[in-house]
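K.L.:
For the protein sequence lines, the chains are B and E, in the order given.
Mapping of the first sequence onto my numbering: residues 7 to 152, in sequence order.
Mapping of the second sequence onto my numbering: residues 7 to 152, in sequence order.
Number of protein chains: 2
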Amino acid sequence: MHAELQLDNQVCFRLYTAARLVTQAYTPMLTELGITYPQYLVLMVLWEKDCQPVNDIAHRLMLETNTVTPLLQRMEKLGIISRKRGEQDKRQHIVSLTAKGREMEQRAYDLIPTGMSEQLASCPLKLEDYQRLVQELDSIINTFKK
Amino acid sequence: MHAELQLDNQVCFRLYTAARLVTQAYTPMLTELGITYPQYLVLMVLWEKDCQPVNDIAHRLMLETNTVTPLLQRMEKLGIISRKRGEQDKRQHIVSLTAKGREMEQRAYDLIPTGMSEQLASCPLKLEDYQRLVQELDSIINTFKK
DNA sequence: AAAGATAATATCGTGTGCGATATATTGTTA
DNA sequence: TAACAATATATCGCACACGATATTATCTTT
Numbered sequence: 007m008h009a010e011l012q013l014d015n016q017v018c019f020r021l022y023t024a025a026r027l028v029t030q031a032y033t034p035m036l037t038e039l040g041i042t043y044p045q046y047l048v049l050m051v052l053w054e055k056d057c058q059p060v061n062d063i064a065h066r067l068m069l070e071t072n073t074v075t076p077l078l079q080r081m082e083k084l085g086i087i088s089r090k091r092g093e094q095d096k097r098q099h100i101v102s103l104t105a106k107g108r109e110m111e112q113r114a115y116d117l118i119p120t121g122m123s124e125q126l127a128s129c130p131l132k133l134e135d136y137q138r139l140v141q142e143l144d145s146i147i148n149t150f151k152k
Numbered sequence: 007m008h009a010e011l012q013l014d015n016q017v018c019f020r021l022y023t024a025a026r027l028v029t030q031a032y033t034p035m036l037t038e039l040g041i042t043y044p045q046y047l048v049l050m051v052l053w054e055k056d057c058q059p060v061n062d063i064a065h066r067l068m069l070e071t072n073t074v075t076p077l078l079q080r081m082e083k084l085g086i087i088s089r090k091r092g093e094q095d096k097r098q099h100i101v102s103l104t105a106k107g108r109e110m111e112q113r114a115y116d117l118i119p120t121g122m123s124e125q126l127a128s129c130p131l132k133l134e135d136y137q138r139l140v141q142e143l144d145s146i147i148n149t150f151k152k
């Protein structure tokens, strides 16, 4: 019986579980918007800066392009983004928001912060705990990023 | 521009990213064992207590049975677990380790703690940081679990 | 004990993630 | 400048996750 191999001693299992459960907590609001959590991440990247090539979006989300490309294709079908070939560099696909994609920012703002803070009400963590948590997660992300 | 909707302010995006990256860090060792990370989680559950029904494994991992069932089917094909109908309750499928599945515990112990601590060497977090992190993640998991 | 409710597991469809590989374009170098 | 390397993106295959639904067995209630 190796204590190191026990589920209860695993940070990774907690990260994996916490990520799944918190993502699930977004689902009711995201369903109302008609999108998934990874699609919401792409939208946040584009709300911050519109018209970016696939690579920049992938880097920002620390995902591979073979994950992001099909994601963007689905989002294009939904009519929330559009893609066009880069003008200087024809290899690039420049991704931009449609009117529908831009309008979703306000709807997201009306739904998501409220919806999440309601669900977080029963969480014992305080603001400073979250701030430290974010920093520690960034340390972990930095340690393992490629 | 809503600050609440910026990627940099999102705990969930950190959890999502940290979980992916740390799981990826397990991949070289797990590939050597011929399994995936979720399969490794199932093995840890069974190393701790052999012969469990699907439901108990799913509860322990906080996953749905429609995720766990196909996972177990793949593991059965790999010859690391076996499944048989419950004797008192014929609806149950009792999952148990094969000899191969039991032997993998020692191999995992030889590969994984070493492999992970090498990769963690450059991480600035100290032991007490990890301990607090685990507790805070448990708080989050508890808040959002169903 | 027959009927309906509940429980345990499985199946199906969709959307990620990601390794491996392909394709098209651009940059570099002999 | 023709050949070759590098880059940006896409395609393919496989393994999760998970909502919705189906199937089989047990439990409960009349």
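Don't be surprised by glycine CBs; every beta carbon is placed ideally from N, CA and C.
Any idea if E:CYS18 is buried or exposed, counting beta-carbon neighbours within 10 angstroms, 16 or more meaning buried?
P.N.:
As a working mapping, residue 18 of chain E is identified with position 12 in the second sequence. Result: buried.
K.L.:
Answer yes or no: do E:GLY85 and E:LYS106 have a C-beta to C-beta separation smaller than 7 Å?
P.N.:
As a working note, residue 85 of chain E is residue 79 in the second sequence. As a working note, residue 106 of chain E is residue 100 in the second sequence. Yes, these two residues count as a Cβ contact at 7 Å.
K.L.:
Of all the alpha helix (DSSP H) runs that stay within the bounds of the region 44-129 of chain E, which reach a length of 4 or more residues?
P.N.:
With a minimum length of 4 residues, the continuous alpha helix (DSSP H) runs that stay inside the region 44-129 of chain E are 60-67, 71-83 and 105-126.
K.L.:
Which residues mark the beginning and the end of the alpha helix (DSSP H) in which E:ILE146 is found?
P.N.:
If you number the second sequence from 1, residue 146 of chain E lands on position 140. Run containing E:ILE146: 133-150, per the alpha helix (DSSP H) assignment.
K.L.:
Can you name the residues of chain E whose CB is closer than 7 Å to the CB of B:LYS151?
P.N.:
For this step, residue 151 of chain B is matched to residue 145 along the first sequence. Near B:LYS151 (Cβ distances below 7 Å), the residues of chain E are LEU27.
K.L.:
Put B:MET35 into one of helix, strand or coil per three-state DSSP.
P.N.:
The residue labelled residue 35 of chain B in the question sits at position 29 within the first sequence. Looking at B:MET35 - three-state DSSP - the assignment turns out to be helix.
K.L.:
Report the residue from B:TYR46, B:LEU13, B:LEU52 and B:ASP14 whose alpha carbon sits nearest the alpha carbon of B:LEU103.
P.N.:
As a position in the first sequence, residue 103 of chain B is number 97, starting the count at 1. Checked all of B:TYR46, B:LEU13, B:LEU52 and B:ASP14; the closest Cα to B:LEU103 is B:LEU52.
K.L.:
Against E:ASP135, what residues of chain B qualify as contacts under a CB-to-CB distance less than 7 Å, listed in chain order?
P.N.:
By 1-based counting over the second sequence, the position of residue 135 of chain E is 129. By Cβ distance, chain B contributes GLU142.
K.L.:
Nearest to E:ASP62 by alpha carbon, out of E:CYS129, E:LYS151, E:ARG91 and E:HIS99?
P.N.:
Taking the first residue of the second sequence as position 1, residue 62 of chain E is located at position 56. If we check each option's Cα against that of E:ASP62, E:HIS99 comes out closest.
K.L.:
Do the CB positions of B:MET81 and E:THR23 come within less than 7 Å of each other?
P.N.:
Looking up residue 81 of chain B in the first sequence gives position 75. Looking up residue 23 of chain E in the second sequence gives position 17. Not a contact, by the Cβ cut-off of 7 Å.
K.L.:
On the premise that E:VAL48 lies in contact with E:LEU77, defined as a C-beta separation below 8 Å, what is that separation, rounded to the nearest angstrom?
P.N.:
Along the second sequence, one-based indexing puts residue 77 of chain E at 71. Along the second sequence, one-based indexing puts residue 48 of chain E at 42. E:LEU77 to E:VAL48, Cβ: 6 Å. Contact.
K.L.:
May I ask you to report which of helix, strand or coil DSSP gives E:GLN12?
P.N.:
For the purposes of this step, residue 12 of chain E is taken as the residue at position 6 of the second sequence. It is coil, neither helix nor strand.
K.L.:
Quick one: Cα of E:GLN12 to Cα of B:ASP116, how far?
P.N.:
For the purposes of this step, residue 12 of chain E is identified with residue 6 of the second sequence, where counting begins at 1. For the purposes of this step, residue 116 of chain B is identified with residue 110 of the first sequence, where counting begins at 1. The alpha-carbon atoms of E:GLN12 and B:ASP116 are separated by roughly 14 Å.
K.L.:
So what's E:THR23 in DSSP terms, helix, strand or just coil?
P.N.:
In the second sequence, the residue the question calls residue 23 of chain E occupies position 17. It is helical.
K.L.:
Using CA coordinates, which residue listed in B:TYR32, B:SER145 and B:GLN112 is at the minimum distance from E:ALA9?
P.N.:
On the second sequence, residue 9 of chain E is found 3 positions in, with the first residue counted as 1. Answer by Cα proximity: B:GLN112.
K.L.:
Are the beta-carbon atoms of E:LEU21 and B:SER145 separated by less than 7 Å?
P.N.:
Taking the second sequence and counting its residues from 1, the one referred to as residue 21 of chain E is at position 15. Taking the first sequence and counting its residues from 1, the one referred to as residue 145 of chain B is at position 139. Cβ atoms of E:LEU21 and B:SER145: not closer than 7 Å.
K.L.:
Kindly list the residues whose CB is nearer than 6 Å to the CB of B:GLN45, restricted to its own chain and excluding five residues on each side of it in sequence; keep chain order.
P.N.:
Locating residue 45 of chain B in the first sequence gives position 39, counting from the first residue. Closer than 6 Å at Cβ, skipping near neighbours: MET81.
K.L.:
According to the neighbour-count rule (16 or more other Cβ atoms, all chains shown, within 10 Å of its Cβ), is B:THR29 buried or exposed?
P.N.:
Taking the first residue of the first sequence as 1, we reach residue 29 of chain B at position 23. Answer is buried; the Cβ neighbour count reaches 16.
K.L.:
Measuring only between beta-carbons, confirm whether B:HIS65 sits less than 7 Å from chain E.
P.N.:
Here residue 65 of chain B is taken as the residue at index 59 of the first sequence, counted from 1. By this cut-off, B:HIS65 is not an interface position.
K.L.:
Using a C-beta to C-beta distance shorter than 8 Å, which residues of chain B count as neighbours of E:ILE147?
P.N.:
In the second sequence, counting from the first residue as 1, residue 147 of chain E sits at position 141. Near E:ILE147 (Cβ distances below 8 Å), the residues of chain B are ARG20, THR23, ALA24 and LEU27.
K.L.:
Do we get a CB-CB distance below 7 Å when we pair B:GLU109 with the residues of chain E?
P.N.:
What you label residue 109 of chain B is simply residue 103 of the first sequence in a count that begins at 1. No, B:GLU109 does not count as interfacial toward chain E.
K.L.:
In chain E, what lies closer than 9 Å to B:LEU77 by C-beta?
P.N.:
Against the first sequence, residue 77 of chain B aligns to sequence position 71. Simply none; closest approach about 14 Å.
K.L.:
Return the chain-ordered list of same chain residues with a C-beta closer than 8 Å to the C-beta of B:CYS57, the five sequence neighbours on each side being excluded.
P.N.:
Here residue 57 of chain B is taken as the residue at index 51 of the first sequence, counted from 1. Closer than 8 Å at Cβ, skipping near neighbours: ILE100, VAL101 and SER102.
K.L.:
In angstroms, rounded to a whole number, what distance separates the CA positions of E:LEU126 and B:THR149?
P.N.:
Here residue 126 of chain E refers to the residue found at position 120 when the second sequence is read from its first residue. Here residue 149 of chain B refers to the residue found at position 143 when the first sequence is read from its first residue. Those two C-alpha atoms are separated by around 7 Å.
K.L.:
Residues of chain E with CB under 9 Å from B:LEU125, in chain order?
P.N.:
Here residue 125 of chain B corresponds to residue number 119 of the first sequence, with the count starting at 1. The amino acid at residue 125 of chain B is misidentified as Leu; the sequence shows Gln. The answer, in chain order, is THR149 and PHE150.
K.L.:
Which of the three DSSP states is assigned to E:THR29 in this structure?
P.N.:
To locate residue 29 of chain E, count along the second sequence from 1; it is residue 23. Of the three classes helix, strand and coil, the one that applies to E:THR29 here is helix, per DSSP.
K.L.:
Assuming E:ILE147 contacts B:LEU27 (C-beta within less than 8 Å), just tell me the rounded distance between them.
P.N.:
On the second sequence, residue 147 of chain E is found 141 positions in, with the first residue counted as 1. On the first sequence, residue 27 of chain B is found 21 positions in, with the first residue counted as 1. Right, the Cβ-Cβ distance comes to about 6 Å (below 8 Å), so this counts as a contact.
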